[in-house]
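Heads up, our numbering is the position in the sequence shown plus 838, with the first residue counted as 1.
Heads up, the beta-carbon is just placed ideally off N, CA and C, and yes, glycines get one too.
Here the structure is a predicted model, which is why all the values come from computation and not from measurement.
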Amino acid sequence: MIVRRRAVPAVLAASLLLAAGCSSGSSGVGFPGQGPRTAPPSTAPASPATESAAPAKGSVRALRTVARNLKSPWGLAVLPGGDLLVSSRDDATITRVDPGTGRTTELGTVSGVSPAGEGGLLGIALSPHYASDRMVYAYFTSASDNRIVRMLYDPRKPAGEQLGAPDTVFKGIPKGPIHNGGRIAFGPDGMLYAGTGESGKRGLAQDKNSLGGKILRLTPDGEPAPGNPFPDSPVYSYGHRNVQGLAWDDRQRLFASEFGQDTWDELNAIKPGGNYGWPDAEGRSSDPRFQNPIAQWHTDDASPSGIAYVHGVIWMASLKGERLWRVPLRGTRAAAAPQAFLTGTYGRLRTVASAGDGRLWLITDNTDGRGHPKKGDDRILELQVS
């Protein structure tokens, strides 16, 4: 395991403060008016008697197509003003989308990305202090590993030249032609969470000294976060096959989606230090060593990537299953059977994120080499959900 941190140079820091002068609002991450908390969010199982259940049945209505002609879209981050940043796995670019007009602007290419197989430029996230530091974080596959970097975003520069050089904050995550994980997100505690894959080497998932097949919890500078379950380790949970979805509920509890092999895909409620079974268990197990999923699906029906939490419900985008799953919750349990929407309507679904007011942003991914692309069929959709 290799962890690397570099401080932001003084000259750059000054330029960041200058750039922040024209910003209004915040990223919505962390706690306004105080520094980020370091303790992990609550993960205690909820008692069904003390929490109400989300409605068993819901609805989905496609409001509009926001943008089209995307190439291998993967990660999504929402800027304070409402514009969207989208990463391209194979082109290694980040594009800004104005959801009002559909206008797209390419920020630039992320240097050091080595796209191949399921690897490339994957998840992106905004710094918890984006309003002042203008940093965009990205998880990508390099020639030697998977790593997390941060880059200064300066929209005053010409299109294509708005991204600064990547500053590596964490590296050494195993890479492979498959199972590279890739989702990153800042949690309500201000810490950086990353879902990794076991890169096709199944045994890595149970090895707590490996970064593969894990959920990692880091400081924004890439150090193991205070309060992690294993001393001086970034590992937050283990026994995962390939985690590509991370979301928190309104009580700061973490959920994650995970690809199964041939039998069961999973949605899990994450406990610090929890062992989620792979490769010894796929789906629910009677082995008390392992945490059982709160919902599971046959792989033809799901192959889940991004997830989002809205009003007591986890929404899960599915690739092979080509559908959007709705999982109503009662605490950290499923309150009713999952419900499928948009089956086959838009093809492979990669990423979903809350758009506020009971709406979702949904990104399709039919140009990742496994879909059946048609011209212009990778898009961002706005959905109304309940």
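Measuring only the C-alpha atoms, how far is residue i from residue j?
i     : j     : result
L1241 : S1141 : The first residue shown for the chain is 839 and the last is 1224, placing residue 1241 beyond what the model contains.
H967  : W1163 : 32 angstroms
G1182 : L1200 : 14 angstroms
K1046 : L917  : 35 angstroms
W912  : V924  : 7 angstroms
K1009 : I1053 : 14 angstroms
R927  : T888  : 43 angstroms
G955  : S890  : 43 angstroms
M973  : L1084 : 20 angstroms
S970  : G940  : 27 angstroms
D1139 : K1158 : 7 angstroms
P1015 : S1037 : 7 angstroms
P953  : P1012 : 15 angstroms
Kindly give me the distance between the Cβ atoms of residue i and residue j, rounded to whole angstroms, as I take these residues to be in contact under 8 angstroms.
i     : j     : result
W1116 : G1051 : 6 angstroms
A1191 : L1198 : 7 angstroms
Whose CA, out of the options, lies closest to the CA of residue i?
i     : options                    : result
A1193 : I1218, E1036, V1165, G946  : I1218
G920  : S910, I932, G938, R906     : G938
R1055 : A1146, P1026, R1040, L1042 : P1026
G896  : R1186, S1048, W1153        : W1153
R1089 : G1169, L1049, N1113        : G1169
P996  : E1036, T943, G1111         : T943
F1128 : Y1114, F978, G1121         : Y1114
L1187 : R1171, N1204, Q1177        : N1204
A1133 : T1189, R1171, S1143, G1111 : R1171
L960  : P1110, D1087, Q1082        : Q1082
G958  : G1028, G1121, D983, R934   : D983
K1039 : N1018, A1032, I1022        : N1018
D877  : T1034, L1030, Y1184, T1006 : The amino acid occupying residue 877 in the given sequence is Ala; Asp does not appear at that position. Selected option, being the one with the closest Cα: L1030.
Are the CB atoms of residue j and residue i within a distance shorter than 8 angstroms?
i     : j     : result
Y1076 : Q1099 : no
G1196 : S1224 : yes
G946  : I932  : yes
Y1074 : P1067 : yes
F1093 : L1105 : yes
V904  : E1160 : no
G998  : L990  : no
K1271 : D929  : The displayed coordinates of the chain run from 839 to 1224. Any statement about residue 1271 would go beyond what the structure contains.
A1107 : A894  : no
Y1147 : W1086 : yes
Is residue i close to chain D? Criterion is C-beta to C-beta, closer than 8 angstroms.
i    : result
S970 : In summary, chain D is missing from the structure at hand, where a single protein chain is found.
Going by DSSP in three states, residue i sits in which element: helix, strand or coil?
i     : result
A1094 : strand
G1035 : strand
T1137 : helix
S853  : A caution first: S853 carries a pLDDT of 35, below 50, which makes its placement in the model unreliable, though a value can still be read off. It is helical.
S970  : helix
G1185 : coil
R1040 : helix
R988  : strand
F1179 : strand
N1113 : strand
A905  : strand
S1048 : coil
P1015 : coil
F1024 : strand
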